[in-house]
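Scroll down for the structure; my scribbles are underneath it.
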Amino acid sequence: MTSTDTKADYTAEETTAYEAYLSALAEHNIVCARSGATTREKMDAAFSVDAAWKRFCEVAGLVPGSTRSPEDIRTIENLMKELAGQNEAIRSACAMLIGIHHIGVFAFRGTADPIEHGACCTLLDDAGTVLRIALAKADGV
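Residue numbers for the sequence shown follow our numbering, so the first one is -5 and each next one is one higher.
Here you go:
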């Protein structure tokens, strides 16, 4: 989050909730650092931190896991467009392969029409090309 995305004025309730969260976090750290602390005590402290964090988020109007950064939103949108493009490429290649299967040229070569056989070879080559490109993009090449 950049400084332009932050609020300049915080309410007293937001400040109090944030301070309660920091106190719970400090208490958790103290409990965990204590050599005799049981797992139950550590977990209780962790759940107190979680409750304080949730309260702060509620007061501040934050939704944990969401983003308010326009840059993050753009990044997510771009990634979704890329994913849609990859899905379309895979669908296209799959349709080509299904087309070859339904024409049936490769099942019984002896009765196949040479034109249909050529069309199937072209579809197969194109499907392979599309899938190789999609795979390279998926691998980040």
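Even glycine gets a Cβ: it sits at the ideal position worked out from N, Cα and C.
When the five nearest sequence neighbours on each side are left out, the beta carbons in the same chain lying within less than 7 Å of the beta carbon of lysine 36 are those of Val25 and Cys26, in order along the chain.
Per DSSP, the continuous alpha helix (DSSP H) segment holding alanine 130 begins and ends at 108 to 132. Taking the CA atoms as reference points, aspartate 3 sits about 37 Å from arginine 28.
If you draw a straight line from the Cα of leucine 73 to the Cα of alanine 87, it comes to about 21 Å. Per DSSP, reduced to three states, the secondary structure at valine 57 is coil, with no helix or strand assignment. Excluding residues up to 5 positions away in sequence, Tyr15 lie with their Cβ nearer than 7 Å to the Cβ of tryptophan 47 in the same chain. In terms of Cβ geometry, glutamate 13 and alanine 54 do not form a close pair [threshold 7 Å]. Valine 124 is not a Cβ neighbour of alanine 89, given a cutoff of 7 Å.
With 16 or more other Cβ atoms inside 10 Å of its own Cβ, histidine 22 counts as buried.
Residue nearest to alanine 20 within the set Ala31, Thr5, Ser42 and Thr10 is Ser42 (criterion: CA-CA distance). Taking C-beta separations shorter than 7 Å and ignoring five residues to either side along the sequence, the partners of alanine 40 in its chain run His22, following chain order. Between phenylalanine 50 and alanine 11, the gap from beta carbon to beta carbon is short of 7 Å. Bounds of the alpha helix (DSSP H) holding arginine 85 are 64 to 97. With respect to isoleucine 97, cysteine 115 sits apart: the two C-beta atoms are not nearer than 7 Å.
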